[in-house]
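Engineer:
In the UniProt record's numbering, the protein residues as written are 1 to 277.
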């Protein structure tokens, strides 16, 4: 009698554990989980169907677009890793110069970061909002740049790199490479075709940032925001401009003195291109 009760307890416990496993698993659909729970009244049927559903779902997943996309992405990442390893070996054997290694390795790193970016959940969410006209082109580019900087930092941190590399296009069709620390844009260096830029001003083509370069380093970074026919240049990434920030026309010429509307309920008094009230 006691042994019989023990066997019953073991079976009930096993059925309970199996049902919990089903509900915590990501391998079954909601309808399958409900059906398998009902089948708990007959354990052998439940266990048999768990096996059948697992095999069926696995085969369906391997034939899905999501699985194929992940497979292609993994193969692409593997090819980049192999190329990077080959570069290191060729440099060590003296078959390519340090400059050649740097140029080609930078391209691989750029491709890796781009791949991480476009396959990230956050990017797909932003792209969905943009495709459904819930984000403007400027808003999308601005948020994409913020996400790209985050992905950059994560990549270089995970790979124990002491510096971070960011590539940007400018409004005058220049391609710049920004090399700096993980924690700050200020002090970073800017290169065009691997030539260090000593003094210049760069505005991103996305109209999201403006960089001031002096003596070979970025000394200031401004946040840009396009509103109708105006560009607001902000010293910080606040939601809206404040006193001391600047206002330009779309061609970056200074506006004349007067009041300029920022939003439905907000206007700023601008004098000599600077917000004073």
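Beta carbons are placed, not taken as given, at the ideal position from N, Cα and C, and that holds for glycine.
How would you label residue 243, buried or exposed, when you count the other beta carbons within 10 angstroms and need 16 or more for buried?
Structural biologist: exposed
Engineer: Start and end of the beta strand (DSSP E) containing residue 259?
Structural biologist: 258-263
Engineer: In three-state DSSP terms, what is residue 130?
Structural biologist: Residue 130 falls in the helix class under three-state DSSP.
Engineer: Report the rounded CA-to-CA distance for residue 215 versus residue 127, giving the unit in angstroms.
Structural biologist: Between residue 215 and residue 127, the alpha-carbon positions lie close to 38 Å from each other.
Engineer: Considering Cα atoms alone, identify which of 69, 91, 258, 25 is closest to residue 54.
Structural biologist: Considering only alpha carbons, the answer is 25.
Engineer: Give the range of the alpha helix (DSSP H) segment to which residue 104 is assigned.
Structural biologist: If you look at residue 104, you'll find it in the alpha helix (DSSP H) that goes 98-118.
Engineer: Residue 271 lies in the beta strand (DSSP E); which residues open and close that run?
Structural biologist: 266-271
Engineer: Determine whether the beta carbon atoms of residue 247 and residue 230 lie at a separation below 9 Å.
Structural biologist: Judged by beta-carbon spacing, residue 230 lies within the 9 Å limit of residue 247, meaning their Cβ atoms are closer than that value.
Engineer: What number of angstroms, rounded off, separates the C-alpha of residue 119 from the C-alpha of residue 217?
Structural biologist: Roughly 32 Å separates the two Cα atoms.
Engineer: Using 9 Å as the threshold, is the C-beta distance between residue 108 and residue 137 below it?
Structural biologist: Going by C-beta atoms, residue 108 is not nearer than 9 Å to residue 137.
Engineer: My output table needs one value for residue 243: the three-state DSSP class, helix, strand or coil.
Structural biologist: Reduced to three states, the DSSP call for residue 243 is coil.
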